[in-house]
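Below: one structure, written as structure tokens.
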Amino acid sequence: MSYENLIYEVTDGVALCTFNRVDAANAMNKPLMEELYDVAVRIDTDPAVRAAVFTGQGKIFSAGGDIRFFKSLGDKLPEFVKRMTLNLHGAISRLHRSDVPVICAVNGAAGGAGFSFAIQGDIVIAGEGSKFVSAYSRLGVSPDGSSTYFLPRLVGTKRALDLMLTNRTLTAAEAMDWGLVDRVVADDKVLDEALKLAREFAGGPTLAYGRIKRLIHQSLNESLETQMENETVGIAESMRSADGREGVAAFLEKRKPVFRGA
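Mapping the sequence shown onto numbering that gives the first Met the number 0, position 23 (from 1) lands on 22, and the numbers just tick up by one.
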């Protein structure tokens, strides 16, 4: 499938997905969301993809929903929003549950749905000049794009309410202090740092990464005993994998492991 609203390329196991609506501040419209869902499924199912990076073309990660287009829809807007969020939420769900580590390389502003998408990344790398703002209540609407799921888990309910009720804008440094961002780098180094980390992930034990992601996310909803059982099953299955056997052999042979993602 060819894309008009994003750029998708896979190199050496790393999928780079770039929002490409520069003239609209990389705002999210229905065609972009449809393409994003298609990309998420490809990332989740293509064995050649072992890490993924999302970023925005130009100086803005994403300003969120395409408000100008929303205005033109009139009474059809609620129906349109349901169709659009179906793809946005489907894409986030696929990425969240995928074995593939997902890195969001935030350049410039991440607002509204762009904010929601940015913070769902497994790893978030932000430029020094980037800004994070929920923005929804400014428009008189409630959030979408998974932010009401991830935000309280990342910063706690009180800070989540603060951000979403007041539309407080966080700098990259503040976002890192709050736990929304993992690394802050120079603005012109954001993508380089994200790709460097993605290449490291691409050479790693992909199935184990997926189990780690699921264990961490499951832990918030499980009892201690259930979570430990999940850990037991996970590590046993990991030992059964080719990468698990390779990791053990490499350790004993005092050499660097060569993981194949299987």
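For glycine and all other residues, C-beta sits at the position ideal for the given N, C-alpha and C.
Specify the secondary structure class of residue i as computed by DSSP and reduced to three states.
i      : result
Tyr2   : coil
Arg182 : strand
Thr168 : coil
Lys188 : helix
Gly139 : coil
Gly246 : helix
Phe258 : coil
Glu252 : coil
Arg20  : coil
Ala134 : coil
Within this structure, are the beta carbons of residue i and residue j separated by less than 8 angstroms?
i      : j      : result
Ala39  : Val13  : no
Cys103 : Phe53  : yes
Gly64  : Ala26  : yes
Gly126 : Asp186 : yes
Gly110 : Ala159 : no
Val289 : Phe149 : Residue 289 is absent from the structure shown; the chain starts at 0 and stops at 261.
Leu15  : Leu87  : no
Ile59  : Gly107 : yes
Val105 : Val80  : no
Thr168 : Lys130 : yes
Pro100 : Phe200 : yes
What span of residues does the alpha helix (DSSP H) with residue i cover, start to end?
i      : result
Val232 : Leu223 to Arg239
Arg213 : Thr205 to Gln217
Val154 : Ser146 to Val154
Going by the DSSP bridge assignment, what does residue i pair with across the sheet?
i      : result
Glu8   : Leu15
Met163 : Paired residue(s): none; Met163 is not in a bridge.
Met27  : Gly64
With 8 angstroms set as the bound, which would you pick, yes or no: does the beta-carbon of residue i sit closer than that to a beta-carbon of chain C?
i     : result
Ile59 : You won't find chain C in this structure, because it holds only one protein chain.
Whole alpha helix (DSSP H) elements within the region 44 to 131, 4-residue minimum:
Correct list: 66 to 71, 76 to 96 and 112 to 118.
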